[in-house]
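See below for the structure under consideration.
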Amino acid sequence: MAKTFKELGVSARLIQGLDELGITQPTEIQQQTIPFLNEDGGDLVAQAQTGTGKTAAFGLPLLMKMDAGFPRIQGLVVAPTRELAKQIQKQLFRFTKHTAKIFCECLCGGEDIKRQIDALKRPTHVVVATPGRLLDLHKRHAIDLSRVKYVVLDEADEMLSMGFKEQLGDILGLCPARLATWLFSATFPPSIQDLIGQCMTEQPKHIKVDRAKVVNADIDHRYAILRREEKDDWVADFVTKNSKQRGLIFCRTKAGAITLSQKLNQLGVPTEALQGDLSQLERDKIMRAFRNEKLRILVATDVMARGIDVAGLSFVIHYQLPDQLDYYTHRSGRTGRAGQKGLSIALIPNREKRKLEFME
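With our numbering as the guide, the letters of the sequence shown map in order to residues 1 to 360.
Below, the structure written as structure tokens:
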């Protein structure tokens with residue numbers, strides 16, 4: 001396997017941008033994906049969790065295939081949430097700091113659609129969008145996808161679980177010039193196979209990163225055996241003792257996230273719950289406060305936490321274990337980033353110890 005981005009075929013100007021971001025060694029998914037997408041560029045199905053570097057895995061080849069001199073939309077990235085879409089667009093913008101000007105626009109709900117319509121009147125090469133807003137703009141005749149050559153479906157499993165299957169089919173139908181579809185997914189439920197059959201005409205290349213190589217070696221994984229009624233006191237004690245550390249706590253339900261957040265606030269620990277009943281405005285306000293370090297702790301459900309990429313998180317607490325191993329890896333990967341050490345703690349009742357042993 002190639003050890004440098006140059007060996008993977010990434011252009012020198014893009015490498016210059018990567019170096020300034022401190023990205024110097026390709027991850028496993030990047031090593032497997034970039035050469036194929038550069039040379040072949042055909043349909044791809046890749047299994048990769050958040051935190052493995054998949055934005056660069058599809059983003060760098062996508063940017064190299066864009067014709068900067070042709071001011072039409074040539075690349076489309078579809079993502080399940082506004083947070084993830086904005087994160088992808090921001091990364092693509094940073095990658096192109098030293099290249100010929102490639103314009104990338106983010107289109108998602110919760111923002112002024114008139115501003116987005118005006119932005120699309122300017123030259124645009126790549127669009128990163130959520131399904132609902134993209135189709136809304138199409139209905140208003142504000143976007144033309146007829147010249148799109150490459151479509152990326154990021155976190156496809158999450159888009160399907162959010163009920164976007166029909167919308168994804170509609171979006172792909174708006175791209176008659178499409179040469180290839182690149183699908184990335186953390187998990188592979190049966191519905192993913194249906195989507196692959198729907199959006200890919202030829203047999204796609206499959207890439208799956210070995211789970212052992214996905215797990216970040218800089219994360220220390222621990223667990224505590226607790227009864228349900230003991231968990232709140234344990235969490236309160238932990239965050240109080242580690243008063244200078246910031247972290248993320250995962251709950252399975254909205255109600256659980258809200259209740260735990262309220263209890264921590266009562267102890268004087270600045271905390272908010274990121275859960276599905278919030279408006280987009282409320283979610284943005286919470287994420288701004290968390291990134292600006294006005295909040296020490298964020299309690300979140302799995303779906304709402306998609307796309308969160310906040311530097312400097314010391315720990316992740318699994319208030320309840322997720323149902324799937326991939327989700328455990330996905331959650332834990334929020335800490336221990338950029339060469340820092342992280343801590344992942346699972347709080348489990350004694351009856352779930354066998355499940356934990358399976359994850360181990």
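Note that CB positions come from ideal geometry on N, CA and C, so glycine has one too. All values reported here derive from a predicted model rather than from experimental measurement.
To which residues does DSSP link residue i through a beta bridge?
i: residue 223; result: 346
i: residue 247; result: 297, 315
i: residue 207; result: 46
i: residue 150; result: 75, 180
i: residue 105; result: 127
i: residue 273; result: 299
i: residue 185; result: 47
By how many angstroms is the C-alpha of residue j removed from the C-alpha of residue i?
i: residue 71; j: residue 143; result: 13 Å
i: residue 25; j: residue 105; result: 28 Å
i: residue 189; j: residue 157; result: 7 Å
i: residue 291; j: residue 202; result: 43 Å
i: residue 4; j: residue 170; result: 38 Å
i: residue 76; j: residue 8; result: 23 Å
i: residue 149; j: residue 208; result: 24 Å
i: residue 282; j: residue 256; result: 18 Å
i: residue 353; j: residue 321; result: 10 Å
i: residue 116; j: residue 141; result: 12 Å
i: residue 113; j: residue 139; result: 12 Å
i: residue 258; j: residue 100; result: 47 Å
i: residue 331; j: residue 185; result: 15 Å
i: residue 162; j: residue 334; result: 22 Å
i: residue 243; j: residue 42; result: 50 Å
Classify residue i: buried if its beta carbon has 16 or more other beta carbons within 10 angstroms, exposed otherwise.
i: residue 206; result: exposed
i: residue 132; result: exposed
i: residue 358; result: exposed
i: residue 154; result: buried
i: residue 253; result: exposed
i: residue 240; result: exposed
i: residue 267; result: exposed
i: residue 342; result: buried
i: residue 79; result: buried
i: residue 176; result: exposed
Output needed for residue i: all residues of its chain with C-beta closer than 6 Å, excluding positions within five of it in sequence on either side, in chain order.
i: residue 182; result: 44, 58, 152
i: residue 86; result: 106
i: residue 199; result: 172, 181
i: residue 270; result: 295, 296
Who are the Cβ neighbours of residue i in its own chain at under 7 Å, not counting the five residues just before and after it?
i: residue 6; result: 15
i: residue 82; result: 108, 109, 110, 130, 280
i: residue 21; result: 94
By Cβ distance, which residues of its chain are closer than 8 Å to residue i, with the 5 residues on each side in sequence left out?
i: residue 91; result: 55, 56, 59
* If you pair each beta-carbon of the region 312-320 with each one of the region 245-252, do three or more pairs fall below 8 Å? -> yes
* To do: May I ask you to verify whether the region 346-357 touches the region 218-225, counting CB pairs closer than 8 Å and requiring at least 3?
  => yes
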